[in-house]
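Asks: In this note's numbering, the protein residues as written are 27 to 141. Here's a structure for you.
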Amino acid sequence: MATLFGMWDDNLHYVNGDPSAKGKGARTLSKAQLLWNRIKPPKNSTRYNLIGFAITHKELTPGLKELLPPTDSRLRPDQRCLENLEFDMANFEKSRLEQRQHQEYSNNLIWIPPN
27 MATLFGMWDD
37 NLHYVNGDPS
47 AKGKGARTLS
57 KAQLLWNRIK
67 PPKNSTRYNL
77 IGFAITHKEL
87 TPGLKELLPP
97 TDSRLRPDQR
107 CLENLEFDMA
117 NFEKSRLEQR
127 QHQEYSNNLI
137 WIPPN
């Protein structure tokens with residue numbers, strides 16, 4: 027048996043065995059292994075305090091656009107505007123997209139399955 031302990035927003039440790047067992051608690055806790063430790067945000071924080079990987083994860087690099095399916099969220103104009111802090115344009119694009127989807131839905135209310 028192993029026991030996990032720590033704080034959800036600071037660190038997480040594990041120890042093999044049951045630290046609440048009689049006479050073994052303090053000795054077992056001293057052998058605890060660190061699983062995760064919070065990294066303090068940098069002084070020059072980025073948008074939304076994201077780490078470098080998270081920022082570049084959605085980046086459209088040269089040649090990638092041609093490989094992505096048309097449903098990929100990186101291709102949504104409203105998302106691109108939002109990530110570029112163009113909030114008014116993002117709202118406009120989102121409304122335009124929703125209107126287009128509503129129009130397509132309204133035109134296809136009757137669906138006939140193929141034979």
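Cβ atoms here follow ideal geometry from the backbone N, Cα and C, with glycine treated the same way. Since the structure is predicted, the reported quantities are computational estimates derived from the model, not experimental observations.
#1: May I ask whether a heavy atom of the ligand ADP can be found less than 6 Å away from the beta carbon of Ile81?
#2: In whole angstroms, what separates the C-alpha of Ala116 from that of Trp62?
#3: Excluding the 5 residues preceding and the 5 following Leu38 in the sequence, name in chain order all residues of the same chain whose CB lies nearer than 7 Å to its CB.
#4: Check each candidate in Leu123, Gly43, Gly89, Pro140 and name the one with the smallest Cα separation from Asp104.
#5: Look up Asn63 in the DSSP assignment and say whether it is helix, strand or coil.
#6: Return helix, strand or coil for Gly32, following the three-state DSSP convention.
#7: From the DSSP output, which residues share a beta bridge with His39?
#8: Suppose you measure from the CA of Thr97 to the CA of Ser56; what does that come to, to the nearest Å?
#9: Residues in its own chain within less than 8 Å of Ser99 by CB, not counting five upstream and five downstream?
Replies: Considering the structure as presented:
#1: Annotation note on the ligand ADP: not contained in the displayed structure, which lists no ligands.
#2: In the sequence shown, the residue the question calls residue 116 occupies position 90. In the sequence shown, the residue the question calls residue 62 occupies position 36. When rounded, the distance between both Cα atoms is 36 Å.
#3: Start at 1 with the first residue of the sequence shown, and residue 38 comes out as number 12. Within the same chain, Leu38 has close Cβ partners Leu30, Gly32, Leu61, Trp62.
#4: As a first step, residue 104 is located in the sequence shown; it is residue number 78 there, counting from the start. Comparing Cα-Cα distances from Asp104 to each of Leu123, Gly43, Gly89, Pro140, the minimum goes to Leu123.
#5: As a first step, residue 63 must be located in the sequence shown, where it is residue number 37. If DSSP states are grouped into helix, strand and coil, Asn63 belongs with the strands.
#6: Taking the first residue of the sequence shown as position 1, residue 32 is located at position 6. Strand.
#7: For the purposes of this step, residue 39 is taken as residue 13 along the sequence shown, with counting starting at 1. Answer is Phe31, Leu60.
#8: Residue 97 sits at position 71 when you count from the first residue of the sequence shown. Residue 56 sits at position 30 when you count from the first residue of the sequence shown. Approximately 51 Å between the Cα atoms of the pair.
#9: On the sequence shown, position 73 is the one that residue 99 refers to. Cβ within range, chain order: Lys84, Gln105.
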